[in-house]
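Engineer: Right, I'll just put the structure down here and ask away after.
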Amino acid sequence: NLYQVYDLQHLHLRHFFTPRERLAREIQERTYCDKASLVAVSSSWGKEDLIRQYGVPDSKVVVVPFAPTLDAYARPSDSELAATRRKYSLPDQFILYPSQTWAHKNHIGLLESLAILRDRQHIIVPLVCSGRRNDFFPNIERRMRYLGLSDQVIFLGFVSPLVLLCLYQLCRCL
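The structure is reproduced here in structure tokens:
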């Protein structure tokens, strides 16, 4: 049986996880790594980290880089791009951040950077975020309101692959 380890952030970025979350991740990762015949990681750094942190034998860990799934879908048509822009009232230019709202994904740092650009440089940068809203989202939302960014930030939540492809095509940068 194969197990995929995405990261060990609960060890390296402890401040983003509650003690309960750290314990749950630790139990899960160690148990699954022990039981797996083969453990897949996405990079050579991840392999070395897993071996160093958990003592998983080198021969049991294989690097399997992530495959870009977006290439599996057809490029959105002009009408699909226009429909997505209309449906979500997207600005002409925006940056895109496609990520779940986990604390360690640092949406709050991104919001604070937008506020600095606005306040110090008088540059308004619209931001569109996609990805599942989890339990940390209310913290992000509070910070967004506190910083006065509600008019320049859009949280779409989870979107379909087609909408995500449209967002990639429409955004100015990622």
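Following the numbering used here, the numbering of the sequence shown begins with 24 at its first residue and continues without gaps.
Think of the CB as a built atom: it goes at the ideal place given N, C-alpha and C, for glycine as much as any other residue.
Since the structure is predicted, the reported quantities are computational estimates derived from the model, not experimental observations.
#1: Which ranges does the alpha helix (DSSP H) cover as unbroken runs of at least 4 residues, wholly within the segment 127 to 173, from first to last along the chain?
#2: Could you tell me if isoleucine 50 is buried or exposed, where buried requires 16 or more neighbouring beta carbons within 10 angstroms of its beta carbon?
#3: Name the one or two DSSP bridge partners that cysteine 189 has.
#4: Among the candidates Cys194, Val186, Phe181, Leu61, whose CA atom is the shortest distance from the CA of glutamine 123?
#5: Please confirm whether isoleucine 50 has its beta-carbon closer than 8 Å to some beta-carbon of chain B.
#6: Determine the extent of the alpha helix (DSSP H) in which glycine 69 is found, giving its start and end residues.
#7: Please report the distance separating the alpha-carbon of cysteine 56 from that of glutamate 44.
#8: Should glutamate 71 be labelled buried (16 or more other beta-carbon atoms within 10 Å of its own) or exposed?
#9: For valine 148 and isoleucine 118, which I take to be in contact (beta-carbon distance under 8 Å), what is that distance rounded to the nearest angstrom?
#10: Is the CB-CB distance between leucine 113 and lysine 83 below 8 Å?
#11: Look up valine 179 in the DSSP assignment and say whether it is helix, strand or coil.
#12: Would you identify the three-state DSSP class for glutamine 116, choosing helix, strand or coil?
#13: Taking the alpha carbon of valine 85 as the point to measure from, which residue in Arg98, Gly69, Thr92, Tyr77 has its own alpha carbon closest?
#14: Helix, strand or coil for leucine 36? Go by DSSP, reduced to three states.
Structural biologist: According to the structure data:
#1: 130 to 144, 160 to 169
#2: exposed
#3: DSSP lists no partner for cysteine 189.
#4: Phe181
#5: Given the protein chain composition of this structure (a single chain), no chain B is represented.
#6: 67 to 77
#7: 18 Å
#8: exposed
#9: 6 Å
#10: no
#11: The sequence shown places leucine at residue 179, not valine. Three-state DSSP puts leucine 179 in a strand.
#12: coil
#13: Gly69
#14: coil
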